[in-house]
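Chains A and B are the protein sequences, given in the same order.
1 is the number of the first residue of the first sequence in full-length UniProt numbering; add one for each residue after it.
1 is the number of the first residue of the second sequence in full-length UniProt numbering; add one for each residue after it.
We put the beta carbon where it would ideally sit given N, CA and C, even for glycine.
2 protein chains.
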Amino acid sequence: MTFPTSVRLVEVGPRDGLQNEPEAIATATKLELIDRLGAAGLAHIEAASFVSPKWVPQMADHREVMTGLTRRNGIVYSALTPNLKGLEAALECGVEEVAVFGAASEAFSQKNINCSVAESLKRFAPVLERAKAANVRVRGYVSCVLGCPYEGEIAPAKVAEVAKALFDMGCYEVSLGDTIGTGTPLKAKRMLEAVARDIPMDKLAAHFHDTYGQALANLYAVLEEGVAVIDSSVAGLGGCPYAKGASGNVASEDVVYLLDGLGIESGIDLDKLAETGHWITQAIGRPNRSKASVALASR
Amino acid sequence: MTFPTSVRLVEVGPRDGLQNEPEAIATATKLELIDRLGAAGLAHIEAASFVSPKWVPQMADHREVMTGLTRRNGIVYSALTPNLKGLEAALECGVEEVAVFGAASEAFSQKNINCSVAESLKRFAPVLERAKAANVRVRGYVSCVLGCPYEGEIAPAKVAEVAKALFDMGCYEVSLGDTIGTGTPLKAKRMLEAVARDIPMDKLAAHFHDTYGQALANLYAVLEEGVAVIDSSVAGLGGCPYAKGASGNVASEDVVYLLDGLGIESGIDLDKLAETGHWITQAIGRPNRSKASVALASR
Numbered sequence: 001m002t003f004p005t006s007v008r009l010v011e012v013g014p015r016d017g018l019q020n021e022p023e024a025i026a027t028a029t030k031l032e033l034i035d036r037l038g039a040a041g042l043a044h045i046e047a048a049s050f051v052s053p054k055w056v057p058q059m060a061d062h063r064e065v066m067t068g069l070t071r072r073n074g075i076v077y078s079a080l081t082p083n084l085k086g087l088e089a090a091l092e093c094g095v096e097e098v099a100v101f102g103a104a105s106e107a108f109s110q111k112n113i114n115c116s117v118a119e120s121l122k123r124f125a126p127v128l129e130r131a132k133a134a135n136v137r138v139r140g141y142v143s144c145v146l147g148c149p150y151e152g153e154i155a156p157a158k159v160a161e162v163a164k165a166l167f168d169m170g171c172y173e174v175s176l177g178d179t180i181g182t183g184t185p186l187k188a189k190r191m192l193e194a195v196a197r198d199i200p201m202d203k204l205a206a207h208f209h210d211t212y213g214q215a216l217a218n219l220y221a222v223l224e225e226g227v228a229v230i231d232s233s234v235a236g237l238g239g240c241p242y243a244k245g246a247s248g249n250v251a252s253e254d255v256v257y258l259l260d261g262l263g264i265e266s267g268i269d270l271d272k273l274a275e276t277g278h279w280i281t282q283a284i285g286r287p288n289r290s291k292a293s294v295a296l297a298s299r
Numbered sequence: 001m002t003f004p005t006s007v008r009l010v011e012v013g014p015r016d017g018l019q020n021e022p023e024a025i026a027t028a029t030k031l032e033l034i035d036r037l038g039a040a041g042l043a044h045i046e047a048a049s050f051v052s053p054k055w056v057p058q059m060a061d062h063r064e065v066m067t068g069l070t071r072r073n074g075i076v077y078s079a080l081t082p083n084l085k086g087l088e089a090a091l092e093c094g095v096e097e098v099a100v101f102g103a104a105s106e107a108f109s110q111k112n113i114n115c116s117v118a119e120s121l122k123r124f125a126p127v128l129e130r131a132k133a134a135n136v137r138v139r140g141y142v143s144c145v146l147g148c149p150y151e152g153e154i155a156p157a158k159v160a161e162v163a164k165a166l167f168d169m170g171c172y173e174v175s176l177g178d179t180i181g182t183g184t185p186l187k188a189k190r191m192l193e194a195v196a197r198d199i200p201m202d203k204l205a206a207h208f209h210d211t212y213g214q215a216l217a218n219l220y221a222v223l224e225e226g227v228a229v230i231d232s233s234v235a236g237l238g239g240c241p242y243a244k245g246a247s248g249n250v251a252s253e254d255v256v257y258l259l260d261g262l263g264i265e266s267g268i269d270l271d272k273l274a275e276t277g278h279w280i281t282q283a284i285g286r287p288n289r290s291k292a293s294v295a296l297a298s299r
């Protein structure tokens, strides 16, 4: 057991959390959310996705979001850029970090981005090259690391292979996504151990969904292994597109409560974060999926 | 790390889960719930509470429940009996196991049962004596083991002291309750270690609430220490009386999903259990608080 002394949270609420919302959310609301998250101490915020509005209409205002946000000192505002076109647009907006999105499941890759895993990695190569030339860091996501909605079980070796490819290509950090939340702690540990054979632990992030209520147990298990970067979403924004009505991203507030209890530094003010969660869920008419936040507010 | 190979779940839904419901629930509904839980593989079900209907009106039909249930082979149906009067009534109903309820917090004991912790233990002595004479096992609960709504932090030594008193008095098992769900994994481990200095690990149970979303992480942490008995409530029935609208008991379905994933035997059929959770929450008009169950139903 080698708990980290501090953990960096990557807040994905403004992107992963909002991207599937059916009703248009005002750019001003997104900007206020990002600003409030920064004020609560989140030092890494994924702010937008530079994808075609044909696929993700909710992210159509990515330019307005990236250029409209008030930059706070020391905070990284990143954006998802699945291809060169998205990257160029993001660069025009002065983005300093981008992310690419691969899968550990062939079936998921085919259904989600209409190509094989190998083909998707090939497509990322020019993105990484261009980003490097522009001095912009690239984060790599691997989805389906603990299960796939189409294939079921995913071999840890397959996750390790895709993660290594992204790392070797130049991603400074690889985020391991339990996209459908089916993982449990020992599976999470075994998967992480397989990946960490090729990639240093401090270059790995855990991106776990709470669909089956297991996210915090899984996070605790990988914290024991030394993972020091966690992706989460304020108020658990996002839901699960593969199980209607079910939870998706683990709530940032619940993660911070866990870290506070473990004595692990995150730099985040839980009360301010909880306030932000209550504000955004009221603003967009969604339930607050953070249990810690609901409990704190109802004492 | 010494994970148990099997875990016994103590299902507290029919008692702890329903006791605070404001609307009367038909005895027939309670009996059907208990029967369905048994059919799903729950081998230990806390079925009723022999307290004054003045204090807990929902449990006023305790006699009808205890005498009306269809006993299945190998299943223990227990009842809460806070005093000798309750125990006598339970014995008349042919109960084979009862439980007494102490607190690790002086303030909680005063507010909840109107006497000091020491006084409450004294009052249990004749209950244990009488139960022993009747050849009825007694389970001991300790509440507030990871925090108190009035006192805040509770010293592990205080928990150990109360648990030991109950064990020495003749309780065959002591259930450690995080009544307000404020615990986190390392606190849970430290508390358990303190208690396990005096009581063998196989005589201890974890009764954790999910009010702050931490229950499953805490359970995983104490499973690592070897705890092999877990209290839970189907569909997370119960809520938290100290934080309105917040979660209470951890959902049995989420615990079983965790155990299945860890390869720990529980003897429970998750699908049947989930079905029971959907049935009872619809029957009493409550949200289903089991994330695993909601996810399984919405795939």
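Determine the burial state of SER233(B): buried for a count of at least 16 other Cβ atoms within 10 Å of its Cβ, exposed for fewer. The residue is buried, with at least 16 neighbouring Cβ atoms inside 10 Å.
Of all the options LYS272(A), ALA131(A) and LYS291(A), which has the alpha carbon lying nearest to the alpha carbon of ASP35(A)? LYS272(A)
Which residue's Cα is closest to the Cα of ASP231(A): GLU21(A), HIS44(A), LEU186(A) and LEU262(A)? HIS44(A)
Classify ARG289(B) as helix, strand or coil using the three-state DSSP reduction. coil
When DSSP labels each residue in this structure, what does ALA251(B) get in the three-state scheme? strand
When the cut-off is 9 Å and only beta carbons count, does LEU219(B) lie next to chain A? yes
If we define contact as Cβ-Cβ less than 9 Å, is PRO185(B) a contact residue for chain A? yes
With DSSP as the reference, label ASP178(B) as helix, strand or coil. strand
Which of the three DSSP states, helix, strand or coil, is assigned to GLU153(A)? coil
Determine the DSSP secondary structure at PHE50(B), reduced to helix, strand or coil. coil
Per the DSSP calculation, ILE268(B) is bridged to which residue(s)? Paired residues: none, contrary to the question.
Going by beta carbon distance, what residues of the same chain come within less than 6 Å of CYS144(A), once the five residues before and after it are set aside? ALA103, ALA104, SER105, PHE108, ILE154 and THR179
Whole alpha helix (DSSP H) runs in the region 7-42 of chain A with 4 or more residues, listed along the chain? Entirely contained in the region 7-42 of chain A, the alpha helix (DSSP H) runs reaching 4 residues are, in chain order, 27-39.
Going by C-alpha to C-alpha distance, which of ALA157(A), HIS207(A), ARG190(A) and ALA118(A) sits closest to VAL10(A)? Nearest to VAL10(A) by alpha-carbon distance, out of ALA157(A), HIS207(A), ARG190(A) and ALA118(A), is HIS207(A).
Buried or exposed for GLU23(A), going by 16 or more other Cβ atoms inside 10 Å? exposed
Quick check: LEU219(A) and VAL256(A), are their CB atoms within less than 9 Å of each other? Contact: no.
Considering just the uninterrupted stretch of the beta strand (DSSP E) at LEU80(B), what are its terminal residues? 76-80
Taking the alpha carbon of ASP16(B) as the point to measure from, which residue in VAL95(B), LEU258(B), ASN73(B) and ALA79(B) has its own alpha carbon closest? ALA79(B)
Which same chain residues, not among the five before or five after PHE50(B), have their C-beta less than 6 Å away from its C-beta? HIS62, ALA79, THR81, GLY86, ALA89 and ALA90
Among GLU265(A), SER298(A) and ALA99(A), nearest to LYS244(B) - alpha-carbon criterion: SER298(A)
Would you please state the rounded distance, in angstroms, between the beta carbons of ALA246(B) and VAL162(A)? I believe it to be under 8 Å. Under the criterion of beta carbons closer than 8 Å, ALA246(B) and VAL162(A) do not qualify as touching, at roughly 39 Å.
According to DSSP, simplified to helix, strand and coil, what is PHE208(B)? strand
Would TYR257(A) pass as an interface residue toward chain B - the criterion being a Cβ-Cβ separation below 9 Å? yes
For a quick check, are the C-beta atoms of PRO14(B) and LEU33(B) less than 9 Å apart? yes
Burial state of CYS115(B) (16 or more Cβ within 10 Å): exposed
Mapping DSSP to helix, strand and coil, what is ALA243(A)? coil
Since GLY236(A) contacts ASP210(A) with CB under 8 Å, what's their CB separation in whole angstroms? At roughly 7 Å, the Cβ-Cβ gap stays under 8 Å, so GLY236(A) and ASP210(A) are in contact.
From which residue to which residue does the beta strand (DSSP E) around ILE113(B) run? Not the beta strand (DSSP E): ILE113(B) falls in the alpha helix (DSSP H), residues 106-113.
Taking the alpha-carbon positions, what's the PRO200(A) to PRO156(A) distance? 16 Å
Alpha carbons only, please: which of ARG8(A), GLU275(A), ALA283(A) and LEU176(A) is nearest the one belonging to ALA292(A)? Looking from the CA of ALA292(A), the closest CA among ARG8(A), GLU275(A), ALA283(A) and LEU176(A) belongs to GLU275(A).
By Cβ distance, which residues of its chain are closer than 7 Å to TYR242(A), with the 5 residues on each side in sequence left out? Closer than 7 Å at Cβ, skipping near neighbours: PRO149 and ILE180.
Spatial neighbours of ALA283(B) in its chain, beta-carbon cut-off 7 Å, leaving aside the 5 residues before and after: Here the set comprises THR29.
May I ask you to list, following chain order, the residues of the region 202-216 of chain A that have a beta carbon less than 8 Å from some beta carbon of chain B? Per Cβ criterion, the list reads ASP210, THR211, TYR212, GLY213, GLN214 and LEU216.
Pair within 9 Å by beta-carbon distance, VAL100(B) and VAL138(B): yes
Return the residues of the region 254-280 of chain B that lie within a Cβ-Cβ distance of less than 7 Å from chain A, sorted by chain order. ASP254, TYR257, LEU258, GLY261 and LEU262
Could you check the C-alpha separation between ALA133(B) and PRO287(A) for me, to the nearest Å? 52 Å
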